[in-house]
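Novice: There's a structure below that I have some questions on.
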Amino acid sequence: MKLNQKNASSKADQVLLIILDGVGYSDKGANLGNAVNGANLPNLNYLWDNHPTLQIQAHGKAVGMPSDEDMGNSEVGHNVLGCGRVFDQGAKLVSNSIETGELFRGQTWKELIANVNKNQSTLHFIGLLSDGNVHSHIDHLKAMIKVAKREKVNKVRLHILLDGRDVPEKSALDYIDPIENYISDLKSGEFDIKIASGGGRMTITMDRYEADWSMVERGWNVHTLGLGRQFGSAKEAVETFRKENPGVIDQYLPEFVIAENGTPVGKIVDNDSVIFFNFRGDRAIEISRAFTEATFDKFNRPFLPKVYFSGMMQYDGDLKIPKNFLVTPPAIDKTMGEYMAKNSITQYAISETQKYGHVTFFWNGNRSDYFDRNLETYVEIHSDIIPFDQAPKMKAKEITDTLIPAMESKKYKFLRVNYANGDMVGHTGNFQATVKSLEFLDECISHIKEIADKTNTVLLITADHGNADEMFQLDKKGNLLLDKENHPSPKTSHTLNPVNLVIYDPKNKFKLNQNIDKPGLANIASTIFDLLGYEAPEDYHTSLLIR
Numbered sequence: 002m003k004l005n006q007k008n009a010s011s012k013a014d015q016v017l018l019i020i021l022d023g024v025g026y027s028d029k030g031a032n033l034g035n036a037v038n039g040a041n042l043p044n045l046n047y048l049w050d051n052h053p054t055l056q057i058q059a060h061g062k063a064v065g066m067p068s069d070e071d072m073g074n075s076e077v078g079h080n081v082l083g084c085g086r087v088f089d090q091g092a093k094l095v096s097n098s099i100e101t102g103e104l105f106r107g108q109t110w111k112e113l114i115a116n117v118n119k120n121q122s123t124l125h126f127i128g129l130l131s132d133g134n135v136h137s138h139i140d141h142l143k144a145m146i147k148v149a150k151r152e153k154v155n156k157v158r159l160h161i162l163l164d165g166r167d168v169p170e171k172s173a174l175d176y177i178d179p180i181e182n183y184i185s186d187l188k189s190g191e192f193d194i195k196i197a198s199g200g201g202r203m204t205i206t207m208d209r210y211e212a213d214w215s216m217v218e219r220g221w222n223v224h225t226l227g228l229g230r231q232f233g234s235a236k237e238a239v240e241t242f243r244k245e246n247p248g249v250i251d252q253y254l255p256e257f258v259i260a261e262n263g264t265p266v267g268k269i270v271d272n273d274s275v276i277f278f279n280f281r282g283d284r285a286i287e288i289s290r291a292f293t294e295a296t297f298d299k300f301n302r303p304f305l306p307k308v309y310f311s312g313m314m315q316y317d318g319d320l321k322i323p324k325n326f327l328v329t330p331p332a333i334d335k336t337m338g339e340y341m342a343k344n345s346i347t348q349y350a351i352s353e354t355q356k357y358g359h360v361t362f363f364w365n366g367n368r369s370d371y372f373d374r375n376l377e378t379y380v381e382i383h384s385d386i387i388p389f390d391q392a393p394k395m396k397a398k399e400i401t402d403t404l405i406p407a408m409e410s411k412k413y414k415f416l417r418v419n420y421a422n423g424d425m426v427g428h429t430g431n432f433q434a435t436v437k438s439l440e441f442l443d444e445c446i447s448h449i450k451e452i453a454d455k456t457n458t459v460l461l462i463t464a465d466h467g468n469a470d471e472m473f474q475l476d477k478k479g480n481l482l483l484d485k486e487n488h489p490s491p492k493t494s495h496t497l498n499p500v501n502l503v504i505y506d507p508k509n510k511f512k513l514n515q516n517i518d519k520p521g522l523a524n525i526a527s528t529i530f531d532l533l534g535y536e537a538p539e540d541y542h543t544s545l546l547i548r
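What the sequence shown shows, in my numbering, is residues 2 to 548, in sequence order.
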């Protein structure tokens, strides 16, 4: 994996890639929900207006999603940033596997079904119930239920996680009602299927990077033990919670258990089969560990049911989590991180917990370990466990204060940082909090720019996808959608907008090529190698520098 060096006189001393997570580009105004344009950002606006800037693609086929109608996300964005190429990602791989029938011909599916048919036990599905196509898709669930019935499974239970993050913030019933109708049509005397438990995705089950194991514990208790507030149906639970707290959005709805005559309808017990049907890895690893690790100390499990557990995909290829999976994940090889390690290029990666795995695990092609600990430094700033609109600065200050000494040390040729503000606060749907988060982030950029001048560090500033750039729901004509009180209806999901890529070079040696056809996140890896004085691997997307 030897890199070829170019003319040493044209290379940067060091390069810092700044990923403004969720900060997309749109020319729409703040009145249409653009928090980026609504915020006072003197430093970023100066850079975008006065230094070479491109709008690049960060969604759809440019990041390996099935179509250009699919928004980008942090997983696929950082995969592409880190490997300089585009791989088919989870959503597309799973859809293709279902369409061709490959998923149902695989050994894991056969063993899941054989286990419940042999033991006359229950097949459980746990996962995010929406069509956001970032972590899961409801159509994947429907397809598996249909085949399970065809293959003589007698009992199925659904444990649904409510979205309101990759889809409209109060859309839970838009998915619960259709899935209830779907399973009602499939029910028969020999096929018993029900929703058994659920709750908001930011309340139960879907924690990541070990930020808050109590989320997983709550999920474990409702899904496995049937411990939680009881309702007659998922719809009743959602309607009750909304009546009790009208301001709560789906992702933060409390956990619930469906019961009949006071008895939970779907505990998970010995000899059952369990499928976690999310395809994205970061928020699937912890619940997978809870089901599969015999020695486990993250929370108390009164017992570990002896089940056949499978993920939709293998969420961590290094640690083999989980052992059983239905669809083979993308084999992302020859990442930038590996090339740099093999060529003795020092690297530094930093973010807070909520995005730490994005600049490490996803960046390195879904690899959880270092390539060379002597050459790589990874720094995690621990996130607060709090709704992020309550503390919109998040950990931007702490990240900046830690990053600056690393820049000043001149120890690292390539540094990368992810600031979570635009995405994590944007996902709350709170426009004003998102504006505040971006304004504080802009102050951090000012401090970093000062150090870049002192250390002759070239800055590349971009984003992995949009979010904060479109925080109100719009119709197909671009007009505001209003709620019952005639207020703009919040949008909590990512966008289809491009993202800015700006280069700041204290010596003004480097310029961006404005003539590259449809530039995207995949071009950034070659651009970084170019800046460092190396020829990028020949199968990487081309550099965006003017040669």
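Positions of the beta carbon are idealized from the N, C-alpha and C atoms, including for glycine.
Using the rule of at least 16 other Cβ atoms within 10 Å of the residue's Cβ for burial, across every protein chain shown, is K414 buried or exposed?
Specialist: It counts as buried.
Novice: When the Cβ atoms of the segment 92–101 are set against those of the segment 465–485, are three or more pairs found closer than 8 Å?
Specialist: Touching, no.
Novice: Give the straight-line distance between the Cα atoms of L21 and E112, rounded to the nearest whole angstrom.
Specialist: Approximately 43 Å, taken between the alpha carbons.
Novice: From F432 to T493, what does the alpha carbon distance come to, in whole angstroms?
Specialist: So the two alpha carbons sit approximately 10 Å from each other.
Novice: Tell me the rounded alpha-carbon separation between T225 and V148.
Specialist: The alpha-carbon atoms of T225 and V148 are separated by roughly 24 Å.
Novice: Taking just the CA atoms, how far does I346 sit from N5?
Specialist: Distance between the alpha carbons of N5 and I346: 13 Å.
Novice: Does the Cβ of A434 have 16 or more other Cβ atoms within 10 Å, making it buried, or fewer, making it exposed?
Specialist: Label assigned to A434: buried.
Novice: If you draw a straight line from the C-alpha of E181 to the C-alpha of I196, how long is it?
Specialist: One C-alpha to the other measures close to 8 Å.
Novice: Any idea what DSSP makes of G78, helix, strand or coil?
Specialist: It is helical.
Novice: Check the C-beta distance from H138 over to D465 and give it rounded, since I have them as a contact under 8 Å.
Specialist: Rounded, the Cβ-Cβ distance is 21 Å, inconsistent with contact.
Novice: Under 8 Å: do the segment 362–375 and the segment 389–400 share three or more Cβ pairs, one atom per stretch?
Specialist: The segment 362–375, when compared against the segment 389–400, does not touch it at the 8 Å Cβ threshold.
Novice: Using beta-carbon positions only, say whether N524 and I517 come within less than 8 Å of one another.
Specialist: Against a cut-off of 8 Å, the Cβ pair of I517 and N524 comes out as a contact.
Novice: Please return the same chain residues whose Cβ sits closer than 6 Å to the Cβ of M341, not counting the five positions on each side in sequence.
Specialist: Taken in chain order, the residues that qualify are Q348.
Novice: Is it buried or exposed, D334, if we count other Cβ atoms within 10 angstroms and call 16 or more buried?
Specialist: With fewer than 16 other Cβ atoms within 10 Å, it is exposed.
Novice: Out of G430, T401 and E70, which has the shortest C-alpha to C-alpha gap to D1?
Specialist: Residue 1 lies beyond the residue range present for the chain, which begins at 2 and ends at 548; the question has no answer from this structure.
Novice: Between the beta-carbon of G200 and the beta-carbon of E287, is there less than 8 Å?
Specialist: No, Cβ-Cβ distance for G200 and E287 is not below 8 Å.
Novice: By DSSP, does F415 sit in helix, in strand, or in coil?
Specialist: F415: strand per DSSP, three-state reduction.
Novice: CB L1 to CB P507, shorter than 8 Å?
Specialist: The structure shown has nothing for residue 1, since the chain only spans 2 to 548.
Novice: So what does DSSP say about P406, is it helix, strand or coil?
Specialist: Reduced to three states, the DSSP call for P406 is helix.
Novice: If we count the other Cβ atoms within 10 Å of its Cβ and call it buried at 16 or more, is P303 buried or exposed?
Specialist: Label assigned to P303: exposed.
Novice: Extract the residue ranges of the alpha helix (DSSP H) inside the segment 10–79, only unbroken runs of 4 or more that lie entirely within it.
Specialist: Complete alpha helix (DSSP H) runs here, min 4: 36–39 and 43–51.
Novice: Check for me: the alpha helix (DSSP H) holding I139 runs from which residue to which?
Specialist: Counting along the chain, the alpha helix (DSSP H) containing I139 begins and ends at I139 to R151.
Novice: Using the Cα positions of D50 and Q515, report the straight-line distance between them to the nearest angstrom.
Specialist: Rounded to the nearest angstrom, the two C-alpha atoms are 15 Å apart.
Novice: Would you kindly report the start and end of the unbroken alpha helix (DSSP H) that includes V239?
Specialist: From DSSP, the alpha helix (DSSP H) with V239 extends over A235 to E245.
Novice: From A421 to Y183, what does the alpha carbon distance come to, in whole angstroms?
Specialist: Spanning the two alpha carbons is a distance of roughly 38 Å.
Novice: Can you look up H488 in the DSSP assignment and give me helix, strand or coil?
Specialist: Looking at H488 - three-state DSSP - the assignment turns out to be coil, as it is neither helix nor strand.
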